[in-house]
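Working notes for the structure below.
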Ligand SMILES: NC(=O)c1ccc[n+]([C@@H]2O[C@H](COP(=O)([O-])OP(=O)(O)OC[C@H]3O[C@@H](n4cnc5c(N)ncnc54)[C@H](O)[C@@H]3O)[C@@H](O)[C@H]2O)c1
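Next up, the structure:
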């Protein structure tokens with residue numbers, strides 16, 4: 016089959032492209048390279064266009080046929096989103112609206128969408144299932160919920176199918192370390208810890224050690240990017256048989272504290288990682304752990320790389336080759 020992958024030059028999108036290619040599918044990557052990388056496009060055709068530009072989007076995609084869309088393109092820095100609300104709404108929500116308009120005009124009616132645990136806001140239960148209240152506490156989460164709502168509206172009014180996959184914390188890299196996480200700035204804990212270990216990227220701060228958790232640091236659910244890729248592929252398979260809207264959590268169901276992640280990183284790199292403990296960041300819930308039973312039931316999906324050591328080792332393998340790959344400036 017032939018798929019459109021928006022944001023396919025980014026971290027998660029490039030891993031889904033890789034999985035689709037391995038399965039014998041073909042892809043077209045749509046990206047504006049605002050945060051994506053040329054080296055991550057893996058020889059695929061690239062349509063370089065900004066989703067915000069409807070005429071350019073229409074022109075670039077006119078007459079093409081796709082069996083479905085994987086929609087990753089978005090801005091996703093929580094802090095930046097609160098400072099640049101308009102930019103985030105325009106990029107994420109208007110961009111998605113344009114994409115859906117062009118999809119309907121061309122008769123493409125399946126979309127697997129990258130959503131996030133940020134749509135839930137502060138958890139009111141120990142594990143979060145899809146019925147948990149949706150009350151985002153930052154603009155990023157608000158835009159992702161608005162994007163979901165747009166998709167649901169289109170599913171309700173047109174013949175359209177959408178699966179929204181709400182990831183918890185994506186982590187790790189391709190099994191052969193050919194691609195991996197490369198955000199600037201990098202805000203995610205595992206790459207930050209590994210960069211600090213490698214001396215490649217400054218300091219590591221633990222934001223708060225006075226949370227009501229066993230070691231005082233926040234607990235998160237880390238899901239390996241290859242397991243995310245597998246879920247996306249299964250979600251698109253599901254849409255070949257079903258229309259309508261569904262939202263599914265993707266996580267392992269296990270929570271790891273910030274300190275235990277830093278310890279796991281130290282074991283993998285076999286040295287102490289210099290770090291400091293700073294004050295809490297605003298808007299960081301104590302604990303975010305997925306209940307992903309619905310995805311398991313509906314898609315027949317099971318995460319395979321659930322062990323923290325495996326996740327960190329995969330990220331470390333990538334971190335060691337990345338400085339060589341990441342030199343094209345893109
Ligand atoms: N990484 C995570 O832990 C995580 C967790 C939950 C959800 N998500 C979601 O997954 C998706 C991918 O995240 P990522 O970590 O791979 O981010 P990323 O920044 O690496 O990738 C996003 C890609 O989208 C492109 N893009 C952004 N705006 C665009 C626009 N207007 N037009 C065209 N292309 C545009 C960027 O250039 C980039 O290639 C995002 O939607 C994000 O919200 C990520």
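Residue numbers (the numbering used here): 16 to 345. Backbone N, C-alpha and C define an ideal beta-carbon position, used for all residues, glycine too.
Reference residue i; option with closest CA among the options
i           : options               : result
residue 94  : 152, 168 and 275      : 152
residue 281 : 42, 122, 304 and 323  : 323
residue 47  : 88, 275 and 73        : 88
residue 172 : 313, 179, 260 and 29  : 260
residue 165 : 108, 274 and 135      : 108
residue 308 : 36, 143 and 179       : 143
residue 227 : 114, 295, 194 and 45  : 295
residue 247 : 129, 297 and 285      : 129
residue 262 : 146, 255 and 239      : 146
residue 105 : 69, 81, 27 and 140    : 69
residue 92  : 167, 258, 202 and 336 : 202
residue 36  : 225, 125 and 59       : 59
residue 320 : 266, 268, 239 and 73  : 239
residue 266 : 205, 336 and 182      : 182
residue 252 : 210, 195 and 316      : 316
residue 254 : 84, 50, 42 and 49     : 84
residue 331 : 313, 302, 204 and 73  : 204
residue 135 : 277, 336, 325 and 303 : 303
Straight-line Cα distance separating residue j from residue i
i           : j           : result
residue 234 : residue 223 : 12 Å
residue 212 : residue 77  : 47 Å
residue 270 : residue 199 : 26 Å
residue 161 : residue 305 : 21 Å
residue 334 : residue 86  : 26 Å
residue 116 : residue 180 : 21 Å
residue 64  : residue 192 : 28 Å
residue 131 : residue 101 : 20 Å
residue 25  : residue 45  : 10 Å
residue 190 : residue 318 : 14 Å
residue 275 : residue 155 : 27 Å
residue 344 : residue 140 : Because residue 344 sits at a pLDDT of 47, beneath the cut-off of 50, its placement in the model cannot be relied upon, and the point is left open.
residue 363 : residue 28  : Outside the modelled stretch of the chain, which goes from 16 to 345, sits residue 363, for which no answer is possible.
residue 298 : residue 80  : 42 Å
residue 197 : residue 114 : 25 Å
residue 42  : residue 311 : 26 Å
residue 73  : residue 256 : 28 Å
residue 82  : residue 232 : 44 Å
residue 340 : residue 313 : 37 Å
7 Å Cβ cutoff met for residue i and residue j
i           : j           : result
residue 62  : residue 75  : yes
residue 300 : residue 184 : no
residue 229 : residue 219 : no
residue 273 : residue 327 : no
residue 158 : residue 103 : yes
residue 149 : residue 110 : no
residue 250 : residue 178 : yes
residue 12  : residue 32  : Because the chain in this structure spans residues 16 to 345, residue 12 falls outside the shown range and cannot be described.
residue 187 : residue 329 : yes
residue 258 : residue 168 : no
Boundaries (first-last residue) of the beta strand (DSSP E) holding residue i
i           : result
residue 220 : 220 to 222
residue 201 : Unbroken run through residue 201: none, as it is neither H nor E.
residue 295 : Per DSSP, residue 295 belongs to no beta strand (DSSP E) and is neither H nor E.
residue 125 : 125 to 131
Endpoints, the alpha helix (DSSP H) within which residue i is located
i           : result
residue 211 : 204 to 213
residue 83  : No alpha helix (DSSP H) holds residue 83; the beta strand (DSSP E) holding it covers 83 to 86.
residue 92  : Residue 92 -> no alpha helix (DSSP H), and no H or E assigned at all.
residue 352 : Since the first residue of the chain shown is 16 and the last is 345, residue 352 is not available in this structure.
residue 165 : 154 to 172
residue 253 : 240 to 256
residue 226 : Careful: residue 226 lies outside any alpha helix (DSSP H) and carries neither H nor E.
residue 66  : Neither: residue 66 is in no alpha helix (DSSP H) and is coded neither H nor E.
residue 135 : Looking at the DSSP string, residue 135 is not in any alpha helix (DSSP H), and its letter there is neither H nor E.
(message) Three or more C-beta pairs under 8 Å: does that hold for the stretch 283 to 295 against the stretch 235 to 252?
(response) The stretch 283 to 295, when compared against the stretch 235 to 252, does not touch it at the 8 Å Cβ threshold.
(request) Would you be able to state if there are at least three C-beta pairs under 8 Å between the stretch 47 to 58 and the stretch 118 to 136? (result) The stretch 118 to 136, when compared against the stretch 47 to 58, does not touch it at the 8 Å Cβ threshold.
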